[in-house]
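Step one of this worksheet: look at the structure below.
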Amino acid sequence: MIMLSRVAERVYWMARYIERAEDTARLVAAYNHLVMDIPKGSQPGWEILVRILDADPVFDEWFNVRNEQNVLRLLIGEADATCSIPYAVHAARENVRTTRDVIPDEVWELVNELYLYTADAAEHSVGRRNRQQYLEQVIQRCQVINGVLRSTLCRDHSYRFIMLGQLLERADMTTRIIDVGASDFLEREGATQGIEHLLWGTLLKSMSALGAYRRMIGPQVEKNAAVDFVFMEETFPRSVRFCVRGIQDELTPLSNNKASLRVVERMRRKLRGFESTSMDQSALHAYIDELQLIIGDLHQAVYESWFHSGEG
Amino acid sequence: MDKNWNRYSATEYYDELITPKGTPRQVARPAVKLLKELPTDDLAARRTAAEVAIREMGVSFTVYSEAGNIDRAWPFDLIPRVITAREWDKVRRGLEQRSRALNMFIHDVYNKQKIFADGIVPPETVLESTNFKEQCLGASPRFGVWANICGSDLVRDSDGHFYVLEDNLRVPSGVSYMVENREITKRVLPEIFENYSIRPVDDYPSQLYRMLAALSPRDRKRPVIVVLTPGIYNSAYFEHAFLAQGMGAELVEGADLFVGDDDCVYMRTVDGPVQVDVIYRRIDEDFMDPEAFREDSALGVPGLMRSWLNGKVGIANAPGSGVADDKVVYAFVPDMIRYYLKEKPLIRSVPTYLCMREKDREYVLNNLEKLVVKPANESGGYGIMVGPHADKATHRKFAKLIEKNPRNYIAQPTLSLSTAPTYIGDEIKPRHLDLRPFILQSRDTWVTSGGLTRVAMVEGSLVVNSSQGGGSKDTWIVEGRL
Numbered sequence: 076m077i078m079l080s081r082v083a084e085r086v087y088w089m090a091r092y093i094e095r096a097e098d099t100a101r102l103v104a105a106y107n108h109l110v111m112d113i114p115k116g117s118q119p120g121w122e123i124l125v126r127i128l129d130a131d132p133v134f135d136e137w138f139n140v141r142n143e144q145n146v147l148r149l150l151i152g153e154a155d156a157t158c159s160i161p162y163a164v165h166a167a168r169e170n171v172r173t174t175r176d177v178i179p180d181e182v183w184e185l186v187n188e189l190y191l192y193t194a195d196a197a198e199h200s201v202g203r204r205n206r207q208q209y210l211e212q213v214i215q216r217c218q219v220i221n222g223v224l225r226s227t228l229c230r231d232h233s234y235r236f237i238m239l240g241q242l243l244e245r246a247d248m249t250t251r252i253i254d255v256g257a258s259d260f261l262e263r264e265g266a267t268q269g270i271e272h273l274l275w276g277t278l279l280k281s282m283s284a285l286g287a288y289r290r291m292i293g294p295q296v297e298k299n300a301a302v303d304f305v306f307m308e309e310t311f312p313r314s315v316r317f318c319v320r321g322i323q324d325e326l327t328p329l330s331n332n333k334a335s336l337r338v339v340e341r342m343r344r345k346l347r348g349f350e351s352t353s354m355d356q357s358a359l360h361a362y363i364d365e366l367q368l369i370i371g372d373l374h375q376a377v378y379e380s381w382f383h384s385g386e387g
Numbered sequence: 010m011d012k013n014w015n016r017y018s019a020t021e022y023y024d025e026l027i028t029p030k031g032t033p034r035q036v037a038r039p040a041v042k043l044l045k046e047l048p049t050d051d052l053a054a055r056r057t058a059a060e061v062a063i064r065e066m067g068v069s070f071t072v073y074s075e076a077g078n079i080d081r082a083w084p085f086d087l088i089p090r091v092i093t094a095r096e097w098d099k100v101r102r103g104l105e106q107r108s109r110a111l112n113m114f115i116h117d118v119y120n121k122q123k124i125f126a127d128g129i130v131p132p133e134t135v136l137e138s139t140n141f142k143e144q145c146l147g148a149s150p151r152f153g154v155w156a157n158i159c160g161s162d163l164v165r166d167s168d169g170h171f172y173v174l175e176d177n178l179r180v181p182s183g184v185s186y187m188v189e190n191r192e193i194t195k196r197v198l199p200e201i202f203e204n205y206s207i208r209p210v211d212d213y214p215s216q217l218y219r220m221l222a223a224l225s226p227r228d229r230k231r232p233v234i235v236v237l238t239p240g241i242y243n244s245a246y247f248e249h250a251f252l253a254q255g256m257g258a259e260l261v262e263g264a265d266l267f268v269g270d271d272d273c274v275y276m277r278t279v280d281g282p283v284q285v286d287v288i289y290r291r292i293d294e295d296f297m298d299p300e301a302f303r304e305d306s307a308l309g310v311p312g313l314m315r316s317w318l319n320g321k322v323g324i325a326n327a328p329g330s331g332v333a334d335d336k337v338v339y340a341f342v343p344d345m346i347r348y349y350l351k352e353k354p355l356i357r358s359v360p361t362y363l364c365m366r367e368k369d370r371e372y373v374l375n376n377l378e379k380l381v382v383k384p385a386n387e388s389g390g391y392g393i394m395v396g397p398h399a400d401k402a403t404h405r406k407f408a409k410l411i412e413k414n415p416r417n418y419i420a421q422p423t424l425s426l427s428t429a430p431t432y433i434g435d436e437i438k439p440r441h442l443d444l445r446p447f448i449l450q451s452r453d454t455w456v457t458s459g460g461l462t463r464v465a466m467v468e469g470s471l472v473v474n475s476s477q478g479g480g481s482k483d484t485w486i487v488e489g490r491l
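Chains as they are written, first to last, in the numbering used here: chain A, 76 to 387; chain B, 10 to 491.
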């Protein structure tokens, strides 16, 4: 099995960008939902989404006023903004376009169609009226792409690097989504008083986790249990622990995997030390920051081991 | 739709589907009948379906412009072009013969140069060409074949005969669109296949693989073959990916390859270096190896030439094969066939005046308004003057160009390119077209069934290049008595 380093890098990024597009759409959809449940007058600002996506500098480049319209215009309408959904989709498309020899034809067609959809729909999906439908479309189309990849790709190197990209991005985005709930900004505004269970329910829903949570934990959504669930539940495919286990499984058959596996081990230790009951919102936020730094290290290790290898 | 076809007037040109009387040619009858029976809005709906299919399949080509590179949807006309197998088989044999002679010529030029010594071709016409690469002198690629992939452009004149217009021996492109055109026709006009036995075209990638595998210097059951592309911004990138995928080969860029101390070529993979046996290069030789050719090339692989000359890797087309891809050399191909093969040329060439010959030049300068003047080394339809369509000022401009650099210009009589019914707006109109078949050669020779038909979409125009707004048609070689 031959896998060019450059191709490995591109399929890895393709998977990351598709996951990023899906999870950004999930994040916006969840917040969109939440806002409609919050009593008038105490609504938190939309800029929290910008902050969670580390997109403050990008936002300032495009806009002055931090309001709903501008945040959504950034995330849905601005194809050139690195944090936007159309940007992620376009980047995914460029990566598939340059690796069509290892990716099934249907995937190219689906990614291409997703690209055409996000480009065409961008303008009229910023407003509340069409927004939800747009976000659902993006999520669904990404899921179809993942479904085709899973049901058609040989379990070889290309599959491994696709999975690595997807799981790494997903772990990153899952922690970011939880960060919405951990934001001290929300607490300070007093926006979520009395509707905390709604907030956490919405966040679970954005990860399609609400049903699973109810079956396993119970009907009442409560902060600590919800955070525990999406961080630690090893059977739930979007939990951080599930992603880390998956990353470890994909790394194992690769040659030259020592450095990456060491970072995975650090990540597992970090997760074992997680105690939701002892954490307030700000401690949770700090914990998520640390997790994200380790995810960054993992990416670096993958990059150094495989994407720039093979020099003779 | 019927009234449209009845209004279709065959012109003074040869029409591929319709006779001068206005009736369909025998081979085209079932297709024309079906198309005639389709209501206008149905035909329009199918054209839309074809456009959607092309967009979704991502069949595209890249156009360079001042505003950057644009990825454009492939232009496609619904109405197929139909050729009988009997007629095609004659053309095919002619192309095989031509390709064999051209390869013997290239090998001769870089080795014994007998054709010069015997006075058939004047040496300076070849040795002074920019396409002649002295780095290749003495090289001996497998089977003595240099141009493993040849894309020859054919046109049909008003006498009904096919003529070779030029031979593309460097990095000819278009074959992927030949395959995709068939795929699109199958999707949007499935009924039309019921009454025909049409030779398939989608075996091209496997024929290409077979031809390339024969070039492997190592005796392996499955040699490592790569397609070398300049990258995503190349106009034919779609095709490079298409062919790599069709062959199960790696699509590589220069930076993916390196030449080791043992002169072998390796590619960088996640499991470390892997040796490469055969390179199908889709990158111009000038950019292939900064050690041997242009130093400033960032696209190539340093040492590639050295590896090839030492027989460590097979390269198709071999560097230097462009020496026969020259409009001056073209004029000598019939002589080459007689000289090397001792055969009569089976397919016609267009009479060609070489401006470097004093008598020819005089004739050309006196008859510019009748002739097509072409620079010897350009491709893509650039720098051509079509005499009858050009004004006096352009004639004067070209007269100056020719006098300044006669070696660089040839002239040919204006051919009356054949036409075919083409769906323009809501109407069926005659449009000029050409045909590019592809000839593969290593251990043996193989020709595509038909090829890529390109159409000049503008009324009266002879310019078929897609980079200049041309379209394309599915091309059928039809078996059996019709």
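Idealized CB from N, CA, C, for every residue including glycine.
Beta carbon proximity, residue i to chain A, threshold 8 angstroms
i	result
B/Thr278	yes
B/Ala253	yes
B/Val283	yes
B/Ile6	Past the edges of chain B, shown from 10 to 491, lies residue 6 of chain B, and the structure says nothing about it.
B/Asn243	no
B/Ala37	no
B/Ala250	yes
B/Trp485	no
Min CB distance residue i to chain B below 8 angstroms
i	result
A/Trp381	yes
A/Thr173	yes
A/Asp176	yes
A/Glu143	no
A/Glu188	yes
A/Glu350	no
A/Ser335	no
A/Gly387	Model confidence at A/Gly387 stands at a pLDDT of 40, short of 50, so the residue's coordinates are unreliable; what they give is reported in the following sentence. Interface residue, yes.
A/Leu373	no
A/Val339	no
A/Val377	no
Selected residue, minimal CA-CA separation from residue i, among the options
i	options	result
A/Ser283	A/Glu153, A/Ala83, A/Ala100	A/Ala100
A/Gly120	A/Glu143, A/Arg85, A/Ser380, A/Trp183	A/Glu143
B/Pro232	B/Arg463, B/Glu259, B/Ile292	B/Glu259
B/Leu449	B/Tyr348, B/Ala325, B/Lys351	B/Ala325
B/Val310	B/Arg277, B/Phe267, B/Met276	B/Phe267
B/Thr49	B/Gly478, B/Arg165, B/Ile433	B/Ile433
A/Thr277	A/Glu188, A/Met291, A/Gly256	A/Gly256
B/Thr20	B/Ser425, B/Glu436, B/Ser475	B/Ser425
B/Val261	B/Asp271, B/Arg277, B/Cys273	B/Arg277
First through last residue of the alpha helix (DSSP H) which encompasses residue i
i	result
B/Gly478	Careful: B/Gly478 lies outside any alpha helix (DSSP H) and carries neither H nor E.
A/His272	271-281
B/Leu217	213-222
A/Trp381	It is not in any alpha helix (DSSP H) - A/Trp381 carries neither H nor E in the DSSP assignment.
A/Val302	298-307
Limits of the unbroken beta strand (DSSP E) element including residue i
i	result
B/Tyr275	274-278
B/Val381	380-384
B/Gly312	B/Gly312 -> no beta strand (DSSP E), and no H or E assigned at all.
B/His249	Counting along the chain, B/His249 falls outside any beta strand (DSSP E), though it belongs to the alpha helix (DSSP H) covering 246-256.
B/Lys438	436-445
B/Asp86	86-93
B/Leu266	266-268
Where residue i meets chain E, residues with beta-carbon distance less than 9 angstroms
i	result
A/Glu184	The chain labelled as chain E is not found among the protein chains of the depicted structure, namely A and B.
> Between the region 212-236 of chain A and chain B, which residues of the former have CB atoms less than 7 angstroms from a CB of the latter, in chain order?
Replying inline: His232
>> Please give me, in chain order, every unbroken run of the beta strand (DSSP E) with length at least 3 that falls completely inside the region 142-198 of chain B.
In response: 158-165, 171-177
> Name the residues in the region 309-333 of chain A whose C-beta lies less than 9 angstroms from a C-beta of chain B; which are they?
Replying inline: Leu329, Ser330, Asn331
> Between the region 259-278 of chain B and chain A, which residues of the former have CB atoms less than 9 angstroms from a CB of the latter, in chain order?
Replying inline: Glu259, Leu260, Val261, Glu262, Ala264, Asp265, Phe267, Val268, Gly269, Asp270, Tyr275, Met276, Arg277, Thr278
> For the region 77-101 of chain A, which residues have a CB atom closer than 9 angstroms to at least one CB atom of chain B, in sequence order?
Replying inline: Ile77, Met78, Leu79, Ser80, Arg81, Val82, Ala83
>> Please give the ranges of any beta strand (DSSP E) in the region 334-404 of chain B, keeping only runs that are unbroken, at least 3 residues long and fully inside the region.
In response: 380-384
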